[in-house]
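Scroll down for the structure; my scribbles are underneath it.
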Amino acid sequence: MGSAVEGNRELWEQFRRGERSALERIYWEYVERVDRLVRRLLHLHGGTRLVAAANVEDLVQDSFTRAFSPAARGAYDGIRDYGPYLLTIARNTVADALRLQQREVLAGGAEIAAWMALEDVAPAEEPASWIDSVTLARVRDYLSRLPIDLQSVHHRRYVLDEAQDVAAEALGMSRQRIRTLEKKLRLGLVRELKRTRAPNASPRIASSSVLKRT
Amino acid sequence: MSEPPDKIDEMLSGGRLGRPAQERVLGRVLAALDTPARASRRKRVLTIASGAGLLAAVAAVVLLFVGRSSPPPGSDQTAKGGARSVAAAIEPVCQSGTAACRAGERLFFRADASESRRWLAIFAERTDETPARRIWMFPGPDGVAPEVPPVPEAAVLPRAVELGAGLGPGLYRLTILVFNHPPTRDEAASGSAASLRLFRALEIY
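Chains as they are written, first to last, in my numbering: chain A, 1 to 214; chain B, 1 to 205.
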């Protein structure tokens with residue numbers, strides 16, 4: 001699958017020993033793929049509605065927690081590619097979650113391999129597809145009206161995925177300032193979604209976990 | 001802010017996790033690796049089982065609960081927050097001593113050993129609801145979050161939850177948030193200030 005970490009024997013030795021720097025490197029190498037696979041499986045089994053309702057962050061976290069456990073690290077031989085091994089763990093994590101909701105998970109190893117091959121060429125679907133079009137338009141409108149400092153932080157952190165210290169250096173700000181602006185970004189969006197919520201919103205919007213959770 | 005921060009972050013990232021959420025996840029994954037193994041937790045429970053009265057009885061229940069329930073995703077050893085080894089798990093314990101709780105009985109919580117004071121916020125969500133409604137256990141209607149005092153061994157907290165109206169038969173996911181200060185309901189709802197986040201399964205029949 002062409003990963004930069006595959007074949008790096010020293011790294012995998014450190015990983016098996018549980019060294020934090022190796023775990024972090026592996027995490028950053030694969031977190032995007034795990035995120036996409038989780039969404040893909042949720043989408044396959046429940047459509048955009050399930051992706052919207054599920055806590056993808058928790059599922060990604062649980063996938064890595066399982067994969068980084070001493071037992072799972074020990075079970076990885078370091079010879080085969082790690083990607084399929086990790087994604088199988090992620091698939092099992094989602095399968096367990098779906099089983100709790102009495103949903104069957106059909107995608108197995110062959111499907112994951114096929115998905116990975118496709119993913120190397122192009123992402124399977126638009127990531128924002130789980131967000132209904134009205135909410136998506138509100139988010140885009142909110143972002144377009146941000147002052148320049150907030151726009152810059154949004155671009156660095158949420159579009160370019162830069163670490164806080166990298167974004168801080170690029171923007172000539174302290175990390176504390178970046179943190180403050182990130183919080184402002186989030187709060188602003190929450191307020192915007194509440195403010196623009198239509199009284200007769202469609203059932204799909206009303207059932208969005210973002211708008212309905214207390 | 002009452003919306004979960006993860007969904008807001010996902011919206012800001014165009015529908016994927018995005019860097020802030022990825023960093024949050026990494027922190028929790030690494031913290032989870034620092035928590036003590038399940039086996040050592042069971043050992044400590046055995047130790048307190050030699051105590052007297054309710055504590056011993058409930059400790060036995062813990063053994064039964066831990067041993068018999070099949071842990072669903074994210075409900076086993078998966079600590080969810082910045083816990084160090086001294087700030088580990090909180091386990092729900094049915095009053096009746098069965099793996100599943102009977103409707104109407106009380107639900108206790110057992111806390112692992114801790115060197116510092118902690119406070120809990122706990123809510124339940126039915127697993128068959130999408131999206132699931134949060135049913136708050138703590139902070140209760142009085143706004144008080146139970147305190148977990150510093151203790152050298154695992155202990156059952158005195159405050160329990162009545163599994164009454166609003167918590168009918170079914171399968172629930174419990175979200176247990178651990179704070180280093182008494183949380184308000186808003187803080188608990190946002191969850192961002194929690195030092196530890198745990199998920200447990202709860203079956204009520």
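By construction, the Cβ of each residue, glycine as well, lies at the ideal position given by its N, Cα and C atoms.
Since this is a predicted model, take the numbers as computed values, not measurements.
Supposed contact pair residue j and residue i - C-beta distance, whole angstroms, cut 8 Å
{"i": "B/Phe-179", "j": "B/Trp-119", "result": "5 Å"}
{"i": "B/Arg-200", "j": "B/Pro-131", "result": "With 8 Å as the limit, B/Arg-200 and B/Pro-131 do not qualify as a contact, their Cβ atoms being about 20 Å apart."}
{"i": "B/Leu-157", "j": "B/Ile-204", "result": "In fact, because the Cβ distance is near 19 Å, the residues do not count as touching under 8 Å."}
{"i": "A/Arg-138", "j": "A/Leu-193", "result": "6 Å"}
{"i": "B/Ala-124", "j": "B/Pro-183", "result": "Rounded, the Cβ-Cβ distance is 17 Å, inconsistent with contact."}
{"i": "B/Pro-150", "j": "B/Ser-195", "result": "Contact flag wrong, Cβ pair sits at about 14 Å."}
{"i": "B/Val-29", "j": "A/Tyr-27", "result": "7 Å"}
{"i": "B/Pro-207", "j": "B/Arg-159", "result": "No statement about residue 207 of chain B is possible, as the shown extent of chain B runs from 1 to 205 and does not include it."}
{"i": "B/Leu-12", "j": "A/Leu-189", "result": "6 Å"}
{"i": "A/Tyr-85", "j": "A/Glu-6", "result": "Their Cβ separation, rounded to whole angstroms, is 11 Å, which puts A/Tyr-85 and A/Glu-6 out of contact at 8 Å."}
{"i": "B/Leu-251", "j": "A/Gly-18", "result": "No answer is possible for residue 251 of chain B: it lies beyond the span of chain B, which begins at 1 and ends at 205."}
Contact set between residue i and chain B, taken where Cβ atoms lie within less than 9 Å
{"i": "A/Leu-185", "result": "Ile-8 and Leu-12"}
{"i": "A/Trp-130", "result": "Glu-10 and Gly-15"}
{"i": "A/Leu-50", "result": "Thr-130"}
Same chain, Cβ closer than 7 Å to residue i, neighbours up to 5 away in sequence not counted
{"i": "A/Leu-146", "result": "His-154"}
{"i": "B/Ser-70", "result": "Its pLDDT being 35, under 50, B/Ser-70 is placed unreliably in this model, and the coordinates cannot settle the point."}
{"i": "A/Asp-149", "result": "Leu-181"}
{"i": "A/Arg-66", "result": "Ala-72, Ile-89 and Thr-93"}
{"i": "A/Leu-185", "result": "Leu-150, Val-153 and His-154"}
{"i": "B/His-181", "result": "Trp-119"}
Cross-chain neighbours of residue i in chain A, by beta carbon under 9 Å
{"i": "B/Leu-33", "result": "Gly-18, Arg-20, Leu-23, Thr-65, Phe-68, Ser-69 and Pro-70"}
{"i": "B/Arg-110", "result": "Ordered by position in chain A, no residue passes the 9 Å Cβ test against B/Arg-110, which lies about 21 Å from the chain."}
{"i": "B/Val-93", "result": "The contacting residues do not exist; B/Val-93 stays about 21 Å from chain A at best."}
Close beta carbons around residue i, own chain, < 6 Å, minus the five adjacent residues each side
{"i": "A/Arg-16", "result": "Arg-73"}
{"i": "B/Gly-191", "result": "Leu-177"}
{"i": "B/Leu-171", "result": "Thr-127 and Glu-203"}
{"i": "A/Glu-162", "result": "Arg-156"}
{"i": "B/Ser-75", "result": "Bear in mind that the predicted position of B/Ser-75 carries a pLDDT of just 37, short of 50, making it too unreliable to give a figure here."}
Near the ligand PLP: residue i beta-carbon under 6 Å from a heavy atom
{"i": "A/Leu-193", "result": "You won't find the ligand PLP in this model; it holds no ligand whatsoever."}
Own chain, CB closer than 8 Å to residue i, minus 5 neighbours either side, in chain order
{"i": "A/Val-60", "result": "Val-31, Val-34, Asp-35, Val-38 and Ala-90"}
{"i": "B/Val-148", "result": "Ile-90, Ala-111, Ser-114, Arg-117, Arg-118, Trp-119, Leu-120, Leu-157 and Val-178"}
{"i": "A/Gln-164", "result": "Arg-157, Arg-175, Ile-178 and Arg-179"}
{"i": "B/Gly-82", "result": "In this prediction, B/Gly-82 scores a pLDDT of 37, lower than 50, which makes its location untrustworthy; the coordinate-derived value is nonetheless stated afterwards. Contacts found: Gly-27, Arg-28, Ala-31, Ser-195 and Leu-196."}
{"i": "B/Gly-168", "result": "Ala-103 and Ile-204"}
Chain-ordered neighbours of residue i on chain A, where CB pairs are closer than 8 Å
{"i": "B/Pro-20", "result": "Arg-157, Tyr-158 and Glu-182"}
{"i": "B/Val-178", "result": "Within chain A, no residue comes near B/Val-178; the closest Cβ sits about 16 Å away, beyond 8 Å."}
Under 7 Å from the C-beta of residue i: neighbouring residues of chain A
{"i": "B/Arg-118", "result": "The contacting residues do not exist; B/Arg-118 stays about 21 Å from chain A at best."}
{"i": "B/Arg-28", "result": "Gln-61"}
Partner residues on chain B for residue i, Cβ-Cβ distance less than 8 Å
{"i": "A/Val-139", "result": "Met-11 and Leu-12"}
Residues that residue i contacts on chain B, provided the C-beta gap is smaller than 7 Å
{"i": "A/His-154", "result": "Leu-12"}
> Residues in the stretch 57–70 of chain A with C-beta within 7 Å of chain B's C-beta atoms, listed in sequence order?
Replying inline: From the stretch 57–70 of chain A, only Glu-57, Asp-58, Val-60, Gln-61, Asp-62, Phe-64, Thr-65 and Phe-68 have a Cβ closer than 7 Å to chain B.
> At a Cβ cut of 7 Å, what residues of the stretch 22–34 of chain A count as close to chain B, listed as they run along the chain?
Replying inline: Only Leu-23, Glu-24, Tyr-27 and Val-31 from the stretch 22–34 of chain A bring a Cβ to less than 7 Å from some Cβ of chain B.
>> So, does the stretch 103–113 of chain B touch the stretch 5–25 of chain A, judging by three or more C-beta pairs under 8 Å?
In response: Taking 8 Å as the limit for Cβ pairs, the verdict is that the stretch 5–25 of chain A does not touch the stretch 103–113 of chain B.
>> If the cut-off is 9 Å on Cβ atoms, which residues from the stretch 159–179 of chain A count as contacting chain B, listed in chain order?
In response: Look at the stretch 159–179 of chain A: the residues with a C-beta under 9 Å from a C-beta of chain B are Val-159, Leu-160, Asp-161, Glu-162, Ala-163, Gln-164 and Ala-167.
> Just by C-beta distance, which residues in the stretch 145–169 of chain B are closer than 7 Å to chain A?
Replying inline: Under the 7 Å Cβ criterion, the stretch 145–169 of chain B contributes no residue.
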